[in-house]
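Notes to accompany the following structure.
Number of protein chains: 2
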Amino acid sequence: MKTKVRQLFLNKEEYASSEVRICGWVRTNRAQAQFGFLNVNDGSYLESVQVVYDNNLANFEEISKFRVGSAVEVVGTVVLTPQMKQLLEIRAGQIVLLGDSPENYPIQPKRHTMEFLRDVAHLRPRTNLFEAVFRIRSVAAMAIHTYFQDRGYVYVHTPLITCADCEGSDQMFKITTLDFNHLPYTEDKKVDFSKDLFGKQAFITGSGQLQGETFAMAFGDIYTFGPTFRTENSNTKIHANEFWMIEPEMAFCDIDELMDIEEEMLKFVLRYVLDRCPKEIAFCDRFVKPGLQKKLEDLLQATFGRITHKEAIELLKKAPVRWEFAPDENGDIAKEHEKYLTEYFHGPVFIKDWPKEIKAYYMKLNADNKTVAAVDLIVPEAGELMGGSQREENLDVLLERMKELHVDARGIDWYLDTRRYGGCVHSGFGMGFERLIMYLTGVENIRDVIPFPRTPKNCEY
Amino acid sequence: MKTKVRQLFLNKEEYASSEVRICGWVRTNRAQAQFGFLNVNDGSYLESVQVVYDNNLANFEEISKFRVGSAVEVVGTVVLTPQMKQLLEIRAGQIVLLGDSPENYPIQPKRHTMEFLRDVAHLRPRTNLFEAVFRIRSVAAMAIHTYFQDRGYVYVHTPLITCADCEGSDQMFKITTLDFNHLPYTEDKKVDFSKDLFGKQAFITGSGQLQGETFAMAFGDIYTFGPTFRTENSNTKIHANEFWMIEPEMAFCDIDELMDIEEEMLKFVLRYVLDRCPKEIAFCDRFVKPGLQKKLEDLLQATFGRITHKEAIELLKKAPVRWEFAPDENGDIAKEHEKYLTEYFHGPVFIKDWPKEIKAYYMKLNADNKTVAAVDLIVPEAGELMGGSQREENLDVLLERMKELHVDARGIDWYLDTRRYGGCVHSGFGMGFERLIMYLTGVENIRDVIPFPRTPKNCEY
Chain B
405 MKTKVRQLFL NKEEYASSEV RICGWVRTNR AQAQFGFLNV NDGSYLESVQ VVYDNNLANF
465 EEISKFRVGS AVEVVGTVVL TPQMKQLLEI RAGQIVLLGD SPENYPIQPK RHTMEFLRDV
525 AHLRPRTNLF EAVFRIRSVA AMAIHTYFQD RGYVYVHTPL ITCADCEGSD QMFKITTLDF
585 NHLPYTEDKK VDFSKDLFGK QAFITGSGQL QGETFAMAFG DIYTFGPTFR TENSNTKIHA
645 NEFWMIEPEM AFCDIDELMD IEEEMLKFVL RYVLDRCPKE IAFCDRFVKP GLQKKLEDLL
705 QATFGRITHK EAIELLKKAP VRWEFAPDEN GDIAKEHEKY LTEYFHGPVF IKDWPKEIKA
765 YYMKLNADNK TVAAVDLIVP EAGELMGGSQ REENLDVLLE RMKELHVDAR GIDWYLDTRR
825 YGGCVHSGFG MGFERLIMYL TGVENIRDVI PFPRTPKNCE Y
Chain Y
405 MKTKVRQLFL NKEEYASSEV RICGWVRTNR AQAQFGFLNV NDGSYLESVQ VVYDNNLANF
465 EEISKFRVGS AVEVVGTVVL TPQMKQLLEI RAGQIVLLGD SPENYPIQPK RHTMEFLRDV
525 AHLRPRTNLF EAVFRIRSVA AMAIHTYFQD RGYVYVHTPL ITCADCEGSD QMFKITTLDF
585 NHLPYTEDKK VDFSKDLFGK QAFITGSGQL QGETFAMAFG DIYTFGPTFR TENSNTKIHA
645 NEFWMIEPEM AFCDIDELMD IEEEMLKFVL RYVLDRCPKE IAFCDRFVKP GLQKKLEDLL
705 QATFGRITHK EAIELLKKAP VRWEFAPDEN GDIAKEHEKY LTEYFHGPVF IKDWPKEIKA
765 YYMKLNADNK TVAAVDLIVP EAGELMGGSQ REENLDVLLE RMKELHVDAR GIDWYLDTRR
825 YGGCVHSGFG MGFERLIMYL TGVENIRDVI PFPRTPKNCE Y
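Protein chains in written order, with our numbering: chain B, 405 to 865; chain Y, 405 to 865.
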């Protein structure tokens, strides 16, 4: 039986003076003439455990030369060292080399640039920073599942492959099983997709919302959590071509209840991660974004602001600021505006009732006939974190809006059935998971919160 | 505030005599002259709640005509009816029609064929069977996350888009952003993928194992849980082109510990689902597969058999059975053999140490130089549920095996780093999530455990 370093640290008293077996990787090795110190990390805990070895060990000479990155097995006695920084150490009775690591091992105990670490994405989780980020990512995913499952939501795996070319196939990857160098053609010289696996052209999708809505009309409350794809050819810090998204959808839920759920969920996830990853958050606070921890704690206490788009524009116009982009009743809200608004409200702000011209066809048309019941949640520094809406449940209005926005109704007639058969007020939102992780860690580049990021011209591993 | 039907039934005593508000869909409406009964299902609970209404309600006439599938809001008083089958009912004070449903609503209260329901995949979760199946699917997903997270595993989102053409690109969908009808070509008349988004040909993958291994070498224990794709053009009851898979990977873990984990995890998931979905399992036991519940309970008590492939073949050869396929030391184990073995062992059986010729390159070569440390778990009726192996951690042996099996080392040099830098004994397995759900529900066609299945010539919704 091996013991995890996490268990050792979290149950120190229990392990005091007992013998344990640890397997992990050498982070540092400081050898002196009579004794030495190995720092061993097993990935279960951000902190490494200090292993003290001395020349009573038969292979003392060998151990003295163990290199950074080597895999080792240590059997020894746990000694509490409350007066020291590391709180406990292991006095080694036996140390075995399981796997060597060469002199030129890329992850040396020094600061590496983020660019360098991106080039060794398969090795970077062996650094403290990425150990912290990817553990937070894992725990945050569990937080989301826990929030929804505890409240009876049904987790739905909506399909990624789709032929419903409704949200604009320009944004979707095409997929095929055809041989690119021997494509079949129809008589009018188009590629003949009837010969393809699905008998027609297929894509991988950017959203499971429409399918999610059909399940919400059966289960009441559902959520999706899965990968999503965009073909956007933009090299920015916040765009990736593959990312994960959460899309909850609630029947019998209007836009106000929607905001309640978004606020409660975000606070739940923050609390969950702060409770379970204190070392990881503290690390990010210290080395990634000073003030991070306070920012997250503050958000837990904040009551999120709630204003309409119109009110937001009025506030921005009155503000004593020279805007790069003039606030516009009919337009979007720029990054600089978001920043001002979150500062004005000392925290996150919901902006609702957006001009219908700049929002999607499925959003509920308000009584003013000018705005739709869409709502964006903007948070300090990260900007838009969630986007949602009450859905248009009236079939006639929905069809009219689809016509206005040139959305072809034929491909999604099944979706329209949600309005034909027991339709009801319902709402949903989408949250980009990476956006959340960037917010939770303070990491500013999306490439550094995805294990193996996919961006234009970049699809390694 | 609305109350969920699940809450009502699970906390009957608490709600007795109090007023509640319920939103849901009409499953049946039995109207008589003076009073009537609506069965309302809100998707939170397999059982519908019976709503009693009478002609004291102003809209009694209207309510009497509410059709199946309509969305309604009911305000009324909870009355316990312990002597009745339904245990409680709601005496309606007010019933409002939220969304109508036409006479020809497809989901009528009668038995529909599975084929018909597949054709209305967006409506079938409104039936008892699919409500049960998809809730079990959701709860089983949570069971898996809970098992691994409680034990400190890190959930890793391995990429779906890949250019690493290592497991045979024949099995992978190609993806592109190029315009099929205006493809760019190189001088030698091949499609010019340097013009594509990633600058080379890209695929969507069938496994995250290799990337998962790199993370196991940092975190110790990791798991993936995400969608997976196969281009297989086969129309069987157990194949789909898109399905979900779980791939855990553990450092410092050999094949025996691997089997321990697989057994423990499967029992954990079964227990979790049996505890949380008793009605759903009972429903499947009654209407899908008689004996299901006992089969699952039995598995919880069973100690899984553990034999080598060689021992399995010997057993099969000695068996008093006329095999369709002769048991073969060097070959695979057929369905009929699996069936015999699970019956022989009265439960699940691990079969390990397979002939290397029929297994993958990354599996640990055993000392006999003939077999690899691969292990399949076969379970009664469902056959192979998990497949795993100890991995070949010796770089030279691994390279030799890759050469034998014509696997190109260049594309996955990063993967080989796991053997160069602190390599160690490690193991992992894969479990098809749909296979598990079929096992848990007794449903025999994979199309009926996936919300919107993708199979050859079938990519609707």
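All residues carry an ideal CB built from backbone N, CA and C; glycine is no exception.
Euclidean distance between Cα positions of residue i and residue j
| i | j | result |
| --- | --- | --- |
| Leu521 of chain Y | Ala706 of chain Y | 36 Å |
| Glu848 of chain Y | Met790 of chain Y | 18 Å |
| Phe837 of chain B | Val482 of chain Y | 41 Å |
| Glu667 of chain Y | Ile782 of chain Y | 11 Å |
| Ala786 of chain B | Ala730 of chain B | 21 Å |
| Lys768 of chain Y | Ser793 of chain Y | 7 Å |
| Gly497 of chain B | Lys469 of chain B | 17 Å |
| Leu696 of chain B | Leu745 of chain B | 19 Å |
| Ile548 of chain Y | Glu477 of chain Y | 36 Å |
| Gly832 of chain B | Lys671 of chain Y | 35 Å |
| Thr590 of chain B | Ser598 of chain B | 9 Å |
| His586 of chain B | Asp596 of chain B | 11 Å |
| Thr845 of chain B | Lys693 of chain Y | 48 Å |
| Glu728 of chain Y | Leu719 of chain Y | 16 Å |
| Leu674 of chain B | Phe538 of chain Y | 29 Å |
| Glu742 of chain B | Arg471 of chain B | 49 Å |
| Ala475 of chain Y | Leu502 of chain Y | 5 Å |
Top-ranked residue by Cα proximity to residue i, from the options
| i | options | result |
| --- | --- | --- |
| Thr712 of chain B | B:Ile659, B:Leu809, B:Arg539 | B:Ile659 |
| Met835 of chain B | B:Tyr627, B:Ala536, B:Lys406 | B:Tyr627 |
| Phe867 of chain Y | B:Lys722, B:Tyr449, B:Pro752 | Summary: the structure shown does not reach residue 867 of chain Y, with chain Y confined to residues 405 through 865, and so no result is reported for it. |
| Asn734 of chain B | B:Trp727, B:Pro724, B:Trp758 | B:Trp758 |
| Val829 of chain B | B:Ser422, B:Glu451, B:Gly709, B:Tyr766 | B:Tyr766 |
| Ala536 of chain Y | Y:Gly480, Y:Ile685, Y:Thr562 | Y:Ile685 |
| Pro506 of chain Y | B:Arg851, B:Thr859, B:Thr822 | B:Thr822 |
| Val753 of chain Y | Y:Cys681, Y:Ala738, Y:Val779, Y:Ile762 | Y:Val779 |
| Ala462 of chain Y | Y:Ala475, Y:Ile499, Y:Ala435 | Y:Ile499 |
| Phe413 of chain B | B:Val453, B:Lys714, B:Arg634 | B:Val453 |
Under 8 Å between C-beta atoms of residue i and residue j
| i | j | result |
| --- | --- | --- |
| Ile426 of chain B | Val444 of chain B | yes |
| Lys861 of chain Y | Phe602 of chain B | yes |
| Glu661 of chain B | Glu617 of chain B | no |
| Phe629 of chain B | Ile650 of chain B | yes |
| Met576 of chain Y | Gly612 of chain Y | no |
| Gly473 of chain B | Gly826 of chain Y | yes |
| Leu484 of chain B | Ala420 of chain B | yes |
Contact set between residue i and chain B, taken where Cβ atoms lie within less than 8 Å
| i | result |
| --- | --- |
| Cys828 of chain Y | Cys427, Ala475, Leu502, Gly503 |
| Gly630 of chain Y | Gly630, Pro631 |
| Glu797 of chain Y | Gly503 |
N- and C-terminal bounds of the alpha helix (DSSP H) containing residue i
| i | result |
| --- | --- |
| Ala437 of chain Y | No alpha helix (DSSP H) contains Ala437 of chain Y, which DSSP labels as neither H nor E. |
| Arg522 of chain Y | 518 to 523 |
| Asp554 of chain Y | 532 to 554 |
| Lys714 of chain Y | 713 to 722 |
| Glu617 of chain B | 613 to 623 |
| Asp660 of chain Y | 659 to 680 |
| Thr822 of chain Y | 817 to 824 |
Contact list for residue i against chain B, beta-carbon separation under 7 Å
| i | result |
| --- | --- |
| Ile608 of chain Y | Ile579, Ile608 |
| His549 of chain Y | Met546, His549 |
| Ala622 of chain Y | Gly447, Pro529, Arg530, Glu535 |
The beta strand (DSSP E) enclosing residue i, as first and last residue numbers
| i | result |
| --- | --- |
| Met654 of chain B | 646 to 655 |
| Ser831 of chain Y | 830 to 836 |
| Val776 of chain B | 775 to 783 |
| Leu789 of chain Y | 787 to 794 |
| Glu747 of chain B | No beta strand (DSSP E) contains Glu747 of chain B, which is instead part of the alpha helix (DSSP H) from 739 to 748. |
| Phe607 of chain B | 606 to 608 |
Contacts that residue i makes with chain Y (C-beta to C-beta distance below 7 Å)
| i | result |
| --- | --- |
| His643 of chain B | Result: empty, since nearest Cβ-Cβ is about 12 Å, beyond 7 Å. |
Proximal residues of chain B, C-beta to C-beta of residue i below 9 Å
| i | result |
| --- | --- |
| Gln794 of chain Y | Here the premise fails: no neighbours, minimum Cβ distance about 14 Å. |
| Asn585 of chain Y | Lys593, Lys594, Val595 |
Interface partners of residue i on chain Y, CB under 8 Å
| i | result |
| --- | --- |
| Pro855 of chain B | Val560, His561, Thr562, Pro563, Gln615, Phe619 |
Within chain Y, the residues that residue i reaches when beta carbons sit closer than 9 Å
| i | result |
| --- | --- |
| Asp821 of chain B | Pro510, Val524, His526, Leu527 |
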